[in-house]
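First residue of the sequence shown? That's 2 in the working numbering, and the numbers climb one at a time after it.
This report refers to the structure that appears directly beneath it.
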Amino acid sequence: MADIFRDFAPQGDPVKGQSVLITGGTGSFGKKLVHTLLEKYDPRKVIILSRDELKQYEMRCELEETFPPEKLAKLRFFLGDVRDRPRLELAFRSVDIVVHAAALKQVPAAEYNPSECIATNVNGAENVVWACLQQGVKRVVALSTDKACSPINLYGATKLASDKIFVAANNLSGDIGTRFCVVRYGNVVGSRGSVVPYFKRLLAQGAKDLPITDPRMTRFWISLHQGVDFVLSCLETTRGGEIFVPKIPATTVSDLATAMAPDAPQRTIGIRPGEKLHEIMISADDSRATWELPDRYMIEPEFVEYPREGADTVGAQKVEEGFAYSSDINPERLDVDGIKGMMEAYFA
């Protein structure tokens, strides 16, 4: 049985006394990260950067209902867009850590509006790197996606380009010392736009059946709090240039629908434009640079222009050549009962 409760939390406090800025900070991940930082850690300052003032207002109201004044005093809200390099340079002043979560993520929307997706996901990544180097940010972690590995849609292609930009940025840091890394994981349980809340909404509206793209389709799953903990642990351990991949379970879409509505028929509607039948986070070609730890994999950079210790110094083991981490062959597979357990844990 897959370990759906795997703990990715860092060993210490990777943000203690540090100023942390989150791009796309009003999204699902950003909101959870801010709550986690204020609840469990001791940052000097937490800056939420996003372009929607209404979401910032709503998030501020929610936080004011949750945290005492001494915690709220650490918060800053900064209106801005990752497409705007000068604005980022202003926002990143005196910032120690940047978590880059801003992106356009909807696959069909990206296919229909490619230039907009490129402007945010690729040009925005370059702007973040430039602003971090200009302002001497110490550590940067960029959120990626399983769709960036062997991409077939524009969203995945832009995130692959973004991954390459952040990995290569370590070669530009020189005596500035900024360290960039990437975190790549699969679908987040309950995040906006994912299939789980979509199914929940249909069932609440009295749907008699559930639409699934293909009964064979598989996907990786991670909870929001696991995703946040994984990012923080990578901030704690990165030496720069790695793509970190957590070990997480996979399910079939059909089993997911069965777990949510055992008695509801399933209606196959076909794969949407840009969708894969199975997702992959590490390709066979990546295996030559991939190392394994008990709870994660690390894809090491192919070239780095600064001295670094080998991955084996942290207890990592080299994977076999030809290894691939794909949702259809993932040994950590959730059956219907396992999916129900996941739902009970994260939607109680």
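Where a beta carbon is used, it is the ideal one built from N, C-alpha and C, also for glycine.
Predicted, not measured: the structure shown is a model, and the values here were computed from it.
DSSP, reduced to helix, strand and coil, places Arg240 outside both helices and strands of the structure shown, so it counts as coil. Ser116 counts as exposed, since fewer than 16 other beta carbons sit within 10 angstroms of its beta carbon. Tyr186 is positioned such that its CB atom lies closer than 8 Å to that of Ile249. Take the alpha-carbon of Ile98 and the one of Ile283: they are about 26 Å apart. Between Glu276 and Pro70, the alpha-carbon positions lie close to 45 Å from each other.
For Leu55, the enclosing alpha helix (DSSP H) starts and ends at 54–67. For the pair Ser145 and Val83, the CB atoms are not nearer than the 8 Å cut-off. Secondary structure in the segment 196–280: the alpha helix (DSSP H) runs of 4 residues or longer, each lying completely within the stretch, are 196–205, 225–238, 254–261 in chain order. When only Cα atoms are considered, Phe68 and Glu59 end up about 15 Å apart.
Our two residues, Leu89 and Val129, have alpha carbons roughly 7 Å apart in a direct line. Leu89 sits in a helix when the DSSP states are folded into three classes. Put simply, the backbone Cα of Asn171 is about 7 Å away from that of Thr179. For Val129, there is no enclosing beta strand (DSSP E); the enclosing alpha helix (DSSP H) covers residues 125–136.
For Leu80, there is no enclosing alpha helix (DSSP H); the enclosing beta strand (DSSP E) covers residues 76–80.
When Trp222, Ala265, Arg61 are compared, the shortest CA-CA separation from Ala205 is found for Ala265. When the five nearest sequence neighbours on each side are left out, the beta carbons in the same chain lying within less than 6 Å of the beta carbon of Ile48 are those of Leu22, Arg77, Phe79, in order along the chain.
The three-state reading of DSSP puts Leu335 in coil, since its state is none of H, G, I, E or B. Judged by DSSP in its simplified three-state form, Phe324 adopts coil rather than helix or strand. If you look at Phe181, you'll find it in the beta strand (DSSP E) that goes 180–184. In the displayed model, Ser284 falls within coil according to three-state DSSP, outside both helix and strand. In the same chain as Phe93, and ignoring 5 residues on each side of it, the C-beta atoms closer than 8 Å to its own belong to Leu22, Val99, Ala132, Cys133, Gln135, Gln136, Val138, in chain order.
Membership of Lys46 in the beta strand (DSSP E) is indicated by the continuous run 46–51. In the DSSP annotation of this structure, the continuous segment of the beta strand (DSSP E) that includes Thr291 starts and ends at 291–294.
Glu322 is a Cβ neighbour of Arg289, given a cutoff of 8 Å. In terms of CA proximity to Val168, Val142 leads the group Lys209, His226, Val142, Ile340.
Remark: fewer than three beta-carbon pairs, one from each stretch, lie closer than 8 Å, so the segment 49–58 and the segment 200–220 are not flagged as touching.
A distance of 8 Å or more separates the beta carbons of Gly228 and Pro302.
Around the Cβ of Thr27, a 10 Å sphere holds 16 or more other Cβ atoms; the residue is buried.
Shown here, Asn188 sits in a strand according to DSSP, grouped into three states. Excluding five sequence positions before and after Thr37, the CB atoms of its chain that fall closer than 6 Å to its own CB belong to Val229, given in chain order.
Counting along the chain, no alpha helix (DSSP H) covers Leu144; the unbroken beta strand (DSSP E) around it starts and ends at 140–144. Judged by DSSP secondary structure, Thr159 falls within the alpha helix (DSSP H) whose first and last residues are 155–169. Per DSSP, Val83 is not a residue of any alpha helix (DSSP H), being assigned neither H nor E. Taking C-beta atoms under 8 Å as the contact rule, Val337 and Trp292 fail to qualify, at a distance of about 34 Å. Cβ atoms of Lys46 and Ser20 come within 8 Å of each other, at about 4 Å. Residue state for Lys319 is assigned as strand, using DSSP reduced to three classes.
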